[in-house]
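Numbering (this note's numbering), first residue to last: 213 to 465.
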């Protein structure tokens, strides 16, 4: 009788520990699942937040690129107009037209890249959060193109085309006058006679050799604007596609 009672008691004790272990295991497992789901949700939320931030950057880039595309052809065109005007004789009496063309092309084509979000993704290892491969590839392609364009704008090649024309222009033209009339020139873009000149415009020199040299240099400088315009058009299209892709994949308006 005593042995039988001892065996029955040991059986109850074993099942009791088994169920305790099972309940503990289930509690830990459920906790793990809950933590995993929470971490997954946090990462998905971070991914979507990065995409929203990237859309803001893309909108800024788009506005800048659209401006380049709008004014770029005019800069190239009026660069031709300037060199053509400088070939005419006599130059006396043509100064207002010459200075107007100078004012129209002096701003050039600027290339700005709002890379705040892409830099954050790269520096923080955040690209692993971008789970959609097509979006990740499109972002990287856009980043490569924009950095390539920026690199060209600041390159020795680009500057070697621009610098001689800039230096030479300062010996022939009154550069201060160019900046004084620039606002009026842009304001009265289609009304050149309405541009106010603070004084009767004159060239610093009318030397034939110097002007021929400037014309030659300006044609090379014009090439940099053509390249910048090419990059602007290509980047604008990639920007549009990437913007649309992000909105579609992440259901953003």
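Heads up, the beta-carbon is just placed ideally off N, CA and C, and yes, glycines get one too.
- With respect to the 7 Å criterion, residue 341 and residue 259 are classified as neighbours on the basis of their beta carbons.
- Cβ-Cβ separation between residue 325 and residue 358: approximately 4 Å, consistent with a contact (criterion under 8 Å).
- Nearest to residue 273 by C-alpha distance, out of 355, 287 and 232, is 355.
- For residue 395, the enclosing alpha helix (DSSP H) has its first and last residue at 387 to 399.
- Within the stretch 339 to 385, the complete alpha helix (DSSP H) segments of 4 residues or longer fall at 345 to 365 and 368 to 384, listed in chain order.
- By the 16-neighbour rule on beta-carbons within 10 angstroms, residue 382 is exposed.
- The stretch 289 to 344 is shown to contain whole alpha helix (DSSP H) runs of 4 or more residues at 307 to 317 and 328 to 335, in chain order.
- A contact is defined here as three or more CB-CB pairs under 8 Å, and the stretch 436 to 445 meets this definition with respect to the stretch 277 to 291.
- About 6 Å separates the beta carbon of residue 434 from that of residue 288, a gap short enough to meet the 8 Å contact definition.
- DSSP, reduced to helix, strand and coil, places residue 443 within a helical segment of the structure shown.
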